[in-house]
Amino acid sequence: MIEAKRAHALSIIEESIKAVMPEAAVEKALKGRNFSNELIVVAIGKAAWSMANAAHNALGDKIQKGIVLTKYNHSKGSIANFEIFEAGHPIPDENSILGTAKVLAYVSELTSKQEVIFLVSGGGSALFEKPLDGISLQDMMEVTEALLRSGADIVEINTIRKHLSAVKGGRFAKLCEPASIFAIVLSDVVGDRLDVIASGPACADMSTSDEVFEIIEKYNLNVSKSIREALKNETPKQITNCTTQITGSVSSLCEAVALEAKRLGYETNILSTTLTCEAREAGSFMASIAKEMNRSQSLKRPRAIIVGGEPVVTVKGNGLGGRNQELALAAAIGIDGLDCVLFSLGSDGTDGPTDAAGGMVDGQTVNRIKSCGINPSISLNNNDAYHALKASNDLIQTGATGTNVNDVVVLLF
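Under the numbering used here, the first residue of the sequence shown carries the number 3, and numbering increases by one thereafter.
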């Protein structure tokens with residue numbers, strides 16, 4: 003039974019990712035719109051290549067020039083009349099700075115007769131970066147690393163990133179003036195907050211410097227005097243040259259999961275699309291649902307329980323993993339011995355600083371981990387889910403998918 007459920011899980015993963023690829027959504031957003039003869043395309047984020055390719059297919063020679071700035075190994079080849087750059091994620095690197103400088107060269111000295119199609123997807127916060135004057139790349143790297151380890155959620159992380167950047171929090175839109183911008187945004191943020199997705203380069207910023215310092219105090223972050231001074235610079239609160247259309251979200255991913263699960267014969271329940279708690283707590287919660295279902299005689303089976311969102315990890319150990327792997331390992335400990343399968347997946351195909359998209363576990367995962375001489379609880383406490391799940395052959399490895407709409411967790415019972 004477990005093997006059949008694992009096969010079903012793989013089918014659900016494959017079909018649901020196909021359903022949220024951005025190409026069709028970008029083409030739909032562009033269809034019927036009238037653009038000037040001087041059209042520039044800028045694509046940033048982990049889905050930038052797919053979105054740019056769709057724009058090229060839809061507009062062809064109408065595009066004067068285009069540029070893609072995406073994560074390493076996320077480009078899928080050349081696109082006519084586009085330059086393609088790859089850079090660091092989730093922490094910016096020198097190529098983030100170089101690629102962003104090239105983007106800014108594209109949009110410098112634009113006129114009101116020119117238009118920018120701005121294609122935005124998750125990951126843009128690290129990939130698209132120019133530190134404010136007085137802030138170094140090393141400063142940005144250290145602050146980002148501290149935030150990622152602190153347990154802060156994406157809204158809090160990007161609130162600080164925006165206030166240290168010359169291109170985030172609406173500042174990119176200001177740099178494009180007087181040209182107009184049409185932004186097509188693939189959301190990887192719970193609630194689809196435009197000022198949080200890729201740190202909102204082309205929209206008015208809702209956050210304030212006061213909030214920044216509250217976050218620093220909340221997580222006891224150690225920041226230098228120069229960073230504190232830079233954080234006092236307020237972001238633009240009004241943007242007048244940008245129109246935005248959101249093309250996808252975690253809700254569409256969960257709906258695609260439910261559709262494929264139903265096709266396979268499962269009763270489906272989407273519990274939430276706003277999961278933002280600690281990953282290990284989410285894994286334990288999903289395991290508690292599995293235990294309750296195991297006791298219940300009234301629930302119709304087979305059943306798929308679906309949750310979407312973006313959990314967080316407070317890093318206290320020195321292991322390797324990502325939020326989806328940590329969630330899966332925590333769930334594996336809770337479902338030990340049960341006839342069920344759970345997977346937790348990052349829709350972009352990458353989970354943390356690893357080559358895995360997430361983890362797929364079942365009632366025998368703990369036994370497989372232990373048979374390799376690994377204690378799963380110790381691995382979890384050391385934030386080392388990657389090596390535990392690799393030992394049990396429970397990593398999900400899809401490679402870069404070309405989309406990015408948060409994470410999905412599915413329990414098949």
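In this text, a Cβ means the ideal position worked out from N, Cα and C, and glycines have one as well.
Only a predicted model underlies this, so the values are computations on that prediction, with no experimental measurement involved.
- Between the alpha carbons of residue 410 and residue 367 lies a distance of about 20 Å.
- For the set 213, 120, 254, the Cα lying nearest the Cα of residue 163 is the one of 213.
- In the DSSP assignment, residue 178 falls within the unbroken alpha helix (DSSP H) covering 173 to 178.
- Classified as exposed, residue 140 has fewer than 16 neighbouring CB atoms from the shown chains inside 10 Å of its CB.
- Annotation for residue 5: the continuous alpha helix (DSSP H) segment containing it runs 4 to 21.
- For residue 274, no alpha helix (DSSP H) encloses it; the enclosing beta strand (DSSP E) starts and ends at 269 to 277.
- Residue 67 carries a strand assignment under DSSP once its states are collapsed to helix, strand and coil.
- The shortest C-alpha to C-alpha distance from residue 220 to any of 375, 148, 79, 75 is the one to 148.
- Taking the Cα of residue 167 as reference, the smallest distance to any Cα among 236, 109, 156, 227 is reached at 236.
- With respect to residue 183, residue 245 sits close: the two C-beta atoms are nearer than 9 Å.
- Within the same chain, 81 come within 6 Å of residue 55 by CB-CB distance, once the 5 residues on both sides are set aside.
- Each residue's CA atom was taken as its position, placing residue 342 and residue 285 some 14 Å apart.
- Residue 68 and residue 13 have their C-alpha atoms some 35 Å from each other.
- One alpha carbon belongs to residue 95, the other to residue 122, and they sit about 19 Å apart.
- A straight-line Cα-Cα distance of about 10 Å links residue 72 and residue 404.
- Scanning 383, 389, 317, 333 for the CA closest to the CA of residue 155 turns up 317.
- CA-CA distance, residue 101 to residue 305, rounds to 46 Å.
- For a cut-off of 8 Å, the C-beta gap from residue 60 to residue 33 is around 7 Å, short enough to register as a contact.
- Rounded to the nearest angstrom, the gap between the Cα atoms of residue 177 and residue 243 is 11 Å.
- Contact between residue 194 and residue 248 is confirmed by a C-beta separation of about 6 Å, below the 8 Å threshold.
- Residue 399 carries a coil assignment under DSSP once its states are collapsed to helix, strand and coil.
- Residue burial is scored here from C-beta neighbours: residue 356 has at least 16 other C-beta atoms within 10 angstroms and is therefore classed as buried.
- Counting other Cβ atoms within 10 Å of its Cβ, residue 346 reaches 16 or more and is therefore classed as buried.
- Here residue 250 carries a strand assignment [DSSP, helix/strand/coil].
- Residue 295: member of the alpha helix (DSSP H) spanning 281 to 297, first to last residue.
- DSSP, read as helix, strand or coil, puts residue 73 in strand.
- Residue 346: not part of any alpha helix (DSSP H); member of the beta strand (DSSP E) spanning 343 to 348, first to last residue.
- Within its own chain, the residues whose Cβ lies closer than 6 Å to the Cβ of residue 228, once the five positions on either side in sequence are excluded, are 136, listed in chain order.
- Spanning the alpha carbons of residue 314 and residue 340 requires a straight line of approximately 26 Å.
- Annotation for residue 151: the continuous alpha helix (DSSP H) segment containing it runs 139 to 152.
- Per DSSP, residue 166 is one residue of the alpha helix (DSSP H) stretching across 156 to 166.
- Contact between residue 238 and residue 190 does not hold, since the beta-carbon distance rounds to 22 Å and is not under 8 Å.
- In its chain, beyond the 5 residues on either side, 361, 362, 363, 367 have a beta carbon closer than 6 Å to the beta carbon of residue 396.
- Taking all protein chains in view, the Cβ of residue 180 is surrounded by fewer than 16 other Cβ atoms within 10 Å, so the residue is classified as exposed.
- The beta carbon of residue 209 sits closer than 6 Å to those of 161, all from its chain and outside the five residues before and after it, given in chain order.
- By the CB criterion at 9 Å, residue 124 and residue 57 fall outside the cutoff.
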